[in-house]
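Have a look at the structure below before the remarks.
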Amino acid sequence: MNRMVTAASVMGILAVSAAAIAAQTTVKSEDWGKTKAGTPVQIYTLTDSALTVRITTFGAHVVSISAPDRSGNRADVVLGFSSVAGYEFDGGTYIGAIVGRYGNRIAKGTFSLDGNTYHIPINNAPNALHGGTLGFDHKVWTGRALPNGVELTLVSADGDMGFPGKLTVHVEYTLAGNSLHIGYSATTTKPTVVNLTNHSYFNLGGENSGTILDQKLMLNADRYTPVDPTLIPTGALDPVEGTPFDFRKPTAVGARIHDANAQLKIAGGYDHNFVLNGAGAGLHLAARLLDPKSGRTLTVTTTEPGVQFYSGNFLDGTLVGISGTKYARNAGLCLETQHFPDSPNHPKFPSTVLRPGQTLQSTTVFTFGVQK
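So the sequence shown is numbered by the working numbering: it starts at 304 and just counts up by one.
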């Protein structure tokens, strides 16, 4: 899939009047403490009539999203922490972060490009996960308020975590009514690989409401990428039909999560990339999620070819969230729009290569609603 598109075409994808959005959206920036190293951190609050979203410059994390239920009662529908210290302490769940330079796994932390071999630090043995031992999720980005959101910028040096090229990344979080738009762009000084995504954990019942197992998920995918025992894709694109991975019709997340299925046993639940139908045609449907109790809904559209559905299998109650709740297994689920895991080692997968002179452009939209 070609991700190198013009700025004009991206504007066409978004197709939203900036003036109209600005009239409805307020943006507030505040100091939010410092990292352990003493680097100042800011938090941005985006507010319109439908949503309130908080974004921090530490790791470009989505800290909270306040959305109404069918009765108009608001709740925070993503997992998050109340301070910078919470995000610094979180060493492996990536709650709410922008992950990179390469989201998801690279087998044994090794890939080759143009005859050169590169090594990324192993942090999910025996593989590299979400950019290595110090990824984008633990770096302080530079924030700039927009009329309807915030632009966050990060410059990753040539050789950072073993990746070639100086990479300049911009992520724009913007509000348009009941939709949170995430726009990604990146340029490089040397050929490299890039796979950027947001790692928010959604719980439409509220971040302190228990598990997501009764929430109903639809994934717009006829195929998925099965994995080996280390969660690296085998290279196959298997049909979901007749398996617990068939979410083409709305199905409770927990309905089949304990089935005697080898792939579910490997991951302890769902932690798999789904091959989206309609990829390559601009924004296309990735997923829909419904919480029957509250009536809240989430629709995910994206320009990416895949979505990693992760059912929060490795949450273990050691992390205390923004409301004081301990985040236990299945407390939230992730819908990480992305290119496929380990693509640099699978030539038949959509390419994640970015070269000098090209601009990576990607868009994902999270739209919230209610079902009466």
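We put the beta carbon where it would ideally sit given N, CA and C, even for glycine.
Buried or exposed (CB count within 10 angstroms, at least 16 for buried), residue i
i, result
"F671", "buried"
"P650", "exposed"
"N376", "exposed"
"P343", "exposed"
"E333", "exposed"
"G571", "exposed"
"D463", "buried"
"F392", "exposed"
"S415", "exposed"
"A378", "buried"
"D372", "buried"
"F617", "exposed"
"A539", "exposed"
"G394", "exposed"
"A341", "Contrary to the premise, residue 341 reads as Gly rather than Ala in this sequence. It is exposed - the Cβ of G341 has fewer than 16 other Cβ atoms within 10 Å."
"T600", "buried"
"G438", "buried"
"G446", "buried"
"T396", "buried"
Residue i and residue j closer than 7 Å at C-beta
i, j, result
"T606", "T666", "yes"
"P553", "N564", "no"
"T413", "N426", "no"
"G406", "H433", "yes"
"T360", "V443", "yes"
"E510", "G624", "yes"
"L705", "Y504", "Only positions 304 to 675 of the chain appear in the structure, and residue 705 is not among them; the question remains open."
"T640", "S646", "no"
"S459", "R408", "no"
Cutoff 6 Å; reference residue i; Cβ partners in own chain excluding five residues on either side
i, result
"T495", "F466, P467, G468, L657"
"D594", "L507, G508, Q518"
"Y573", "F612, S614"
"T477", "N451, G452, H484"
"G660", "none"
"D562", "P547"
"T621", "none"
"A353", "G480, N481"
"A410", "N430, I535, D645, N648"
"D549", "V543"
"A555", "D517, K519"
Nonlocal neighbours in the same chain, by C-beta distance under 8 Å from residue i, ignoring five residues either side
i, result
"L663", "R306, M307, Y487, S488, A489, T490, V497, L499, L657"
"P707", "Since the first and last residues shown for the chain are 304 and 675, residue 707 lies out of range."
"T338", "V344, F361, V387, E391, V443"
"T420", "T413, F414"
"D417", "P494"
"S369", "L354, T355, V356, R377, A378, D379, V380"
"G581", "N523, H587, L588"
Cutoff 7 Å; reference residue i; Cβ partners in own chain excluding five residues on either side
i, result
"T348", "K331, T355, R357"
"T329", "T350"
"S512", "N506"
"K596", "G508"
"G336", "V344, S386, V387"
"L579", "N523, A524, H587, A589, P608, G609, V610"
Inter-residue CB distance, residue i and residue j (contact presumed, cutoff 8 Å)
i, j, result
"T533", "N430", "6 Å"
"F577", "G545", "So it is not a contact: roughly 16 Å between Cβ atoms."
"I515", "G635", "6 Å"
"V530", "H502", "Not really, about 18 Å apart at Cβ, beyond 8 Å."
"R551", "L586", "19 Å between Cβ atoms; not a contact."
"A589", "L638", "7 Å"
"V676", "L457", "Here the chain covers residues 304 to 675 and nothing more, so residue 676 does not appear."
"V598", "Q674", "Here residue 598 turns out to be Gly, not Val, going by the sequence shown. Right, the Cβ-Cβ distance comes to about 5 Å (below 8 Å), so this counts as a contact."
"P644", "P536", "5 Å"
"V603", "F652", "Not quite, the Cβ-Cβ distance comes to about 21 Å (not below 8 Å), so this is no contact."
Residue i Cβ short of 6 Å to the ligand GDP heavy atom set
i, result
"D574", "Although the ligand GDP was asked about, the structure shown includes no ligands whatsoever."
Cβ contact (3+ pairs, closer than 8 Å) linking the stretch 359-367 and the stretch 380-400: yes
With contact counted as at least three CB pairs below 8 Å, one residue from each stretch, are the stretch 480-497 and the stretch 621-639 in contact? no
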